[in-house]
Amino acid sequence: NAGVMQNPRHLVRRRGQEARLRCSPMKGHSHVYWYRQLPEEGLKFMVYLQKENIIDESGMPKERFSAEFPKEGPSILRIQQVVRGDSAAYFCASSPNRANTEAFFGQGTRLTVV
Amino acid sequence: GESVGLHLPTLSVQEGDNSIINCAYSNSASDYFIWYKQESGKGPQFIIDIRSNMDKRQGQRVTVLLNKTVKHLSLQIAATQPGDSAVYFCAENPGKLIFGQGTELSVKP
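Written out as structure tokens, the structure reads:
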């Protein structure tokens with residue numbers, strides 16, 4: 002049973018470009034969470050999705066950021082017109098249920114904006 | 016807003032000693048807590064969890080204690096090894112994981 006798979010592991014984008022980060026949850030998991038981590042800091046919640054639904058996006062910046070989790074395929078975190086401040090590690094986690102269950106994390110995508 | 020915080024940002028222990036990492040949470044409605052270990056360049060790895068109807072839970076070399084009265088959580092690592100060196104996060108789960116800042120554990124040989 003493969004774990005949570007994120008790709009790419011490293012992504013370099015120039016300012017103004019778009020970044021697409023992919024997350025395939027563990028088999029049987031229908032809940033996906035995205036987190037952002039700056040160096041030497043903790044993980045900040047961004048968005049929680051179920052298949053085809055955004056459940057909680059209270060941590061998402063109001064502009065340029067969007068997320069989806071289609072019926073088929075991986076969850077996508079999309080950042081439009083990237084700026085240097087978007088440089089961070091983005092982690093995805095999945096769980097079989099919403100509350101009070103263990104969430105498993107992927108290895109992250111490290112985005113660098115140059 | 017609600018948050019989970021850690022008392023100490025760094026902890027240095029001698030190999031073989033026991034380690035204790037503390038955490039305070041503020042959301043009194045939280046009823047599920049997890050400790051994660053994160054090594055450099057990797058994603059958080061589940062260590063142990065505890066539900067609010069328990070005060071203590073033990074795993075292999077790790078014990079989590081929960082004190083709901085003072086909203087305090089601790090992780091105890093017995094016989095700390097160099098491989099335990101990492102950043103440790105506590106997290107509460109009221110529907111989504113809320114993480115604390117983290118404590119960096121350094122094990123001296």
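Protein sequence lines, in the order shown, are assigned to chains A and B.
Take this note's numbering: the final residue in the first sequence is number 115, and no numbers are missing along the way.
Take this note's numbering: the final residue in the second sequence is number 124, and no numbers are missing along the way.
From the three backbone atoms N, C-alpha and C, an ideal C-beta is built for every residue, glycine too.
In this text the structure is predicted, and so the values were computed from the model without any measurement.
- Item | residue 64 of chain B, DSSP secondary structure in three states | Here residue 64 of chain B corresponds to residue number 49 of the second sequence, with the count starting at 1. Residue 64 of chain B: strand per DSSP, three-state reduction.
- Expected contact under 8 Å - CB spacing of residue 104 of chain A and residue 49 of chain A to nearest Å: As a first step, residue 104 of chain A must be located in the first sequence, where it is residue number 103. As a first step, residue 49 of chain A must be located in the first sequence, where it is residue number 48. Residue 104 of chain A to residue 49 of chain A, Cβ: 10 Å. No contact.
- Task: Could you work out which residues of chain A lie near residue 117 of chain B, taking near to mean beta carbons separated by less than 7 Å?
- Result: For the purposes of this step, residue 117 of chain B is identified with residue 102 of the second sequence, where counting begins at 1. Simply 43.
- Going along the chain, which unbroken runs of the alpha helix (DSSP H) with 4 or more residues stay wholly within the segment 58-104 of chain A? none
- If you draw a straight line from the alpha carbon of residue 18 of chain B to that of residue 42 of chain B, how long is it in whole angstroms? For the purposes of this step, residue 18 of chain B is taken as residue 3 along the second sequence, with counting starting at 1. For the purposes of this step, residue 42 of chain B is taken as residue 27 along the second sequence, with counting starting at 1. Caution applies to residue 18 of chain B, whose pLDDT of 47 falls short of 50 and renders its modelled position unreliable; the model cannot decide the point.
- Message: Please list the terminal residues of the continuous beta strand (DSSP E) segment that includes residue 69 of chain B.
- Response: The residue labelled residue 69 of chain B in the question sits at position 54 within the second sequence. Here residue 69 of chain B belongs to no beta strand (DSSP E), and DSSP marks it neither H nor E.
- Query: What are the uninterrupted segments assigned as beta strand (DSSP E) that are 3 or more residues long and contained completely in the segment 20-45 of chain B, given in chain order?
  - Reply: 25-29, 34-40
- Starting from the beta carbon of residue 70 of chain B, find every residue of chain A whose beta carbon is closer than 9 Å, and list them in chain order. Taking the first residue of the second sequence as 1, we reach residue 70 of chain B at position 55. What residue 70 of chain B touches in chain A: nothing, since even the nearest Cβ is about 17 Å away.
- Message: Please list, in chain order, the residues of the segment 52-84 of chain B that have any C-beta partner in chain A closer than 9 Å.
- Response: 53, 56, 57, 58, 59, 60, 61, 64, 66
- For residue 87 of chain B, which residues of its own chain have a beta-carbon under 6 Å away from its beta-carbon, when the five flanking residues on both sides are left out? By 1-based counting over the second sequence, the position of residue 87 of chain B is 72. If we look at residue 87 of chain B and ignore the five residues flanking it on each side, its Cβ neighbours are 39.
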